[in-house]
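Inspection log for the structure reproduced underneath, given as structure tokens.
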Amino acid sequence: MNHPPTIRAPKWHIAPAMPAATRDALGHIHPVLRQVLYNRGITSAAEAQAFLEGRYLGKTDPFLLADMDTAVTRIQRAIENDETIYVYGDFDADGVTATVLLTQALRSLGLSRQQAQPYIPDRVDEGYGLNTEALSKLKENGAGLVISVDCGIRSILEAQHAQSIGLDMIITDHHSLGTDLPPALAVINPKRPDSAYPETMLAGVGIAYKLAQALRQAMPGRAQFEDADLLDLVAIGTVADLAPLLHENRKLVADGLVALNNGRRPGIRALAEVARLKMGSLTAESIAFGIGPRINAAGRLAHAYDAARLLAASNQVDARRYANELNQLNQQRQRLTSELGDRAEAMIDPADPILITADTGYLPGIVGLVASRLAEKHYRPAIVMEQGEEESRGSCRSIDEFHITDALDEVADLLVRHGGHAQAAGFTIRNENLPEFMERMRAIARRELDGRDLAPTLTIDAEIDLADVDWGLFEHLSGLEPTGTANPTPIFASRNVEIIHHRLVGQDGAHLQLQLTSREGAGGYKVLSAIAFRQGAWANHLPQYIDIAYTLNVNEWNGRRDLQLMVQAIRDA
Numbered sequence: 046m047n048h049p050p051t052i053r054a055p056k057w058h059i060a061p062a063m064p065a066a067t068r069d070a071l072g073h074i075h076p077v078l079r080q081v082l083y084n085r086g087i088t089s090a091a092e093a094q095a096f097l098e099g100r101y102l103g104k105t106d107p108f109l110l111a112d113m114d115t116a117v118t119r120i121q122r123a124i125e126n127d128e129t130i131y132v133y134g135d136f137d138a139d140g141v142t143a144t145v146l147l148t149q150a151l152r153s154l155g156l157s158r159q160q161a162q163p164y165i166p167d168r169v170d171e172g173y174g175l176n177t178e179a180l181s182k183l184k185e186n187g188a189g190l191v192i193s194v195d196c197g198i199r200s201i202l203e204a205q206h207a208q209s210i211g212l213d214m215i216i217t218d219h220h221s222l223g224t225d226l227p228p229a230l231a232v233i234n235p236k237r238p239d240s241a242y243p244e245t246m247l248a249g250v251g252i253a254y255k256l257a258q259a260l261r262q263a264m265p266g267r268a269q270f271e272d273a274d275l276l277d278l279v280a281i282g283t284v285a286d287l288a289p290l291l292h293e294n295r296k297l298v299a300d301g302l303v304a305l306n307n308g309r310r311p312g313i314r315a316l317a318e319v320a321r322l323k324m325g326s327l328t329a330e331s332i333a334f335g336i337g338p339r340i341n342a343a344g345r346l347a348h349a350y351d352a353a354r355l356l357a358a359s360n361q362v363d364a365r366r367y368a369n370e371l372n373q374l375n376q377q378r379q380r381l382t383s384e385l386g387d388r389a390e391a392m393i394d395p396a397d398p399i400l401i402t403a404d405t406g407y408l409p410g411i412v413g414l415v416a417s418r419l420a421e422k423h424y425r426p427a428i429v430m431e432q433g434e435e436e437s438r439g440s441c442r443s444i445d446e447f448h449i450t451d452a453l454d455e456v457a458d459l460l461v462r463h464g465g466h467a468q469a470a471g472f473t474i475r476n477e478n479l480p481e482f483m484e485r486m487r488a489i490a491r492r493e494l495d496g497r498d499l500a501p502t503l504t505i506d507a508e509i510d511l512a513d514v515d516w517g518l519f520e521h522l523s524g525l526e527p528t529g530t531a532n533p534t535p536i537f538a539s540r541n542v543e544i545i546h547h548r549l550v551g552q553d554g555a556h557l558q559l560q561l562t563s564r565e566g567a568g569g570y571k572v573l574s575a576i577a578f579r580q581g582a583w584a585n586h587l588p589q590y591i592d593i594a595y596t597l598n599v600n601e602w603n604g605r606r607d608l609q610l611m612v613q614a615i616r617d618a
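Numbering (the numbering used here), first residue to last: 46 to 618.
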């Protein structure tokens with residue numbers, strides 16, 4: 046079988062079988078689910094029971110976070126003295142949900158709308174994170190205290206500026222730490238080495254939630270909200286920001302999905318409607334592919350306030366109007382991502398160890414999506430920069446083998462600012478530094494990646510006979526929800542699968558629909574439907590028998606519910 050040249054062939058890694066001791070300990074669990082749990086690091090009956098029941102066994106006291114006491118004391122004083130507090134956020138879904146959450150919590154503690162206000166910078170005019178002009182403006186507007194959410198951990202100069210103008214700052218952030226902490230009144234980040242909080246991978250909205258939780262505990266007589274009232278926002282921001290759905294994050298998202306499906310917020314109901322999602326059946330996948338992209342579209346192409354006002358909307362009429370606006374922005378975002386992705390593709394050399402492109406025609410709200418597309422297609426770290434008159438702003442996406450923020454740290458002398466995670470980061474750079482930046486980043490990439498077999502790895506949870514795939518297995522696997530980053534939907538492999546029929550579907554035949562069967566197994570002879578998204582190029586390369594890697598899904602159409610395979614990869618049997 047000739048592999049289609051337009052589809053990158055991943056390396057298949059079959060997870061090792063569990064040892065006998067684990068098999069015995071988890072003996073009461075379905076054998077396939079048992080293997081998946083072992084793959085997730087679960088080896089005891091108690092751990093398995095807690096995981097499948099959605100319980101989290103770790104400590105959740107918000108005051109275990111370093112500086113939480115200091116932050117709560119300062120906010121209490123601000124509330125008691127009727128000071129004005131600004132919540133300074135970010136323009137992505139994590140930052141927007143964190144901003145709305147903490148602003149609403151402060152108002153529920155007794156501050157008026159004028160006393161507790163959100164501030165989200167403009168992506169084009171101000172860029173990511175704290176900036177001195179904005180802080181000065183907030184001080185002029187009467188701010189006594191600014192609380193950052195989802196930003197600020199590397200904003201040393203900006204925090205120094207706040208000090209110089211007499212503006213108290215509390216920084217809450219989840220991004221990677223720099224060499225020094227900014228000189229703020231309090232810096233809350235679970236990644237701090239002196240933090241005793243066990244969950245280090247909270248999203249920005251998760252940390253905002255812990256601050257709200259601490260305030261409610263400290264001021265029980267004032268609090269007009271319950272922790273559960275905020276969890277729908279926590280779920281959206283956590284999933285949309287690709288935070289790992291393990292430990293406390295998984296519990297927060299699971300509880301948040303219950304709140305989401307209750308439909309208390311008019312904005313969520315309206316957004317689900319335009320995204321064609323069914324209230325009552327929203328999942329983490331609904332957030333990742335339906336709700337999150339529409340919230341992000343506001344900050345990418347207009348202003349993140351458009352998304353914030355949707356989430357804070359108090360009536361359905363306004364919510365529907367805002368949701369329709371976000372839906373239109375999302376459609377525009379999809380079109381621009383395709384167009385600019387094609388432009389970037391023409392400007393890079395796929396043989397380079399790191400893909401770097403800069404252009405005045407790139408849009409700052411789209412560069413991250415274009416970088417993601419390049420990194421996914423070529424399995425190389427990618428940097429896409431929107432080039433301005435004096436400065437350029439870049440967005441980076443990377444692969445498992447290359448820590449992009451560590452690489453940026455090595456060239457920090459060339460950058461105005463930067464920050465991020467292992468596989469995603471952003472930065473600002475003076476244009477005169479671009480040639481040296483590109484040269485040094487390529488050298489770092491060569492040092493780290495030369496000699497490596499760079500290809501995406503498809504981790505497969507278990508090999509199973511296609512004949513054993515049924516509704517019973519699907520129901521057992523539902524205990525893994527919510528699935529997502531670090532707790533992915535399990536991938537299975539079946540060998541010697543026979544193709545009965547296949548056809549191209551979708552616009553321009555982009556997708557491949559298959560009817561599959563296998564030699565008789567324990568489950569007997571059966572035919573299953575499968576869909577391979579963006580794999581239409583396989584149509585002219587398929588033999589009769591294949592090995593297939595897939596996840597399980599439900600296809601609902603005209604009142605019918607059918608089990609369906611979501612094809613991840615195909616290879617010759």
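Note that CB positions come from ideal geometry on N, CA and C, so glycine has one too. Please read these numbers as outputs of a predicted model, since none were measured by experiment.
**Request:** Using DSSP bridges, identify the partner residues of F537.
**Result:** Looking at the DSSP output, F537 bridges to A507 and Y595.
**Short CB-CB distance (under 9 Å) between P426 and chain D** = Here chain D cannot be found, since the structure has a single protein chain.
**Asked** Roughly how many angstroms separate the alpha carbons of G496 and D553, rounded to a whole number?
**Response** 38 Å
**Simplified DSSP assignment, three categories, for N84** = helix
**Item:** Spatial neighbours of V298 in its chain, beta-carbon cut-off 7 Å, leaving aside the 5 residues before and after
**Value:** A280, T283, V284, L290, A329 and P527
**Asked** Under the rule that 16 or more other beta-carbon atoms within 10 Å means buried, what is V117, buried or exposed?
**Response** buried
**Request:** Evaluate W516 with the Cβ neighbour count: other Cβ atoms within 10 Å of its Cβ, from every protein chain shown; 16 or more gives buried, anything less gives exposed.
**Result:** exposed
**Message:** Going by the DSSP bridge assignment, what does I474 pair with across the sheet?
**Reply:** S437 and L460
**Asked** In the structure shown, what three-state DSSP assignment does I625 receive?
**Response** No information on residue 625 is available, as it lies outside the stretch 46 to 618 that the chain covers here.
**Item:** Pick from N234, I215 and L230 that is closest to G223, judged by C-alpha positions
**Value:** N234
**Item:** Neighbourhood of V141 by C-beta, 8 Å cutoff - its chain only, sequence neighbours within 5 removed
**Value:** G134, D135, I165, G282, I340, A343, G344, A349, A352, A353 and L356
**Asked** Rounded to a whole number of angstroms, what is the C-alpha to C-alpha distance between N449 and A594?
**Response** Residue identity differs from the one stated: residue 449 is Ile in this sequence, not Asn. Roughly 29 Å separates the two Cα atoms.
**Prompt:** Taking all protein chains shown into account, do 16 or more other C-beta atoms lie within 10 angstroms of the C-beta of L102, making it buried, or fewer, making it exposed?
**Reply:** exposed
**Item:** Check whether G249 and D195 have beta carbons under 9 Å apart
**Value:** yes
**Item:** Distance CB(G524)-CB(F96) smaller than 9 Å
**Value:** yes
**Asked** Which of the three DSSP states, helix, strand or coil, is assigned to A575?
**Response** strand
**Message:** By the three-class DSSP mapping on this structure, what secondary structure does S383 have?
**Reply:** helix
**Request:** Kindly indicate which three-state DSSP category G524 falls into: helix, strand or coil?
**Result:** helix
**Message:** Could you give the first and the last residue of the continuous beta strand (DSSP E) run that contains E431?
**Reply:** A427 to Q432
**Asked** Taking the alpha-carbon positions, what's the I130 to P107 distance?
**Response** 21 Å
**Inter-stretch contact (C-beta, 8 Å, three-pair minimum) for the stretch 435-442 and the stretch 409-427** = yes
**Request:** Determine the extent of the beta strand (DSSP E) in which L183 is found, giving its start and end residues.
**Result:** Unbroken run through L183 is the alpha helix (DSSP H), T177 to E185; no beta strand (DSSP E).
**Prompt:** Among all the DSSP beta bridges, which residues are the ones paired with R548?
**Reply:** Q558
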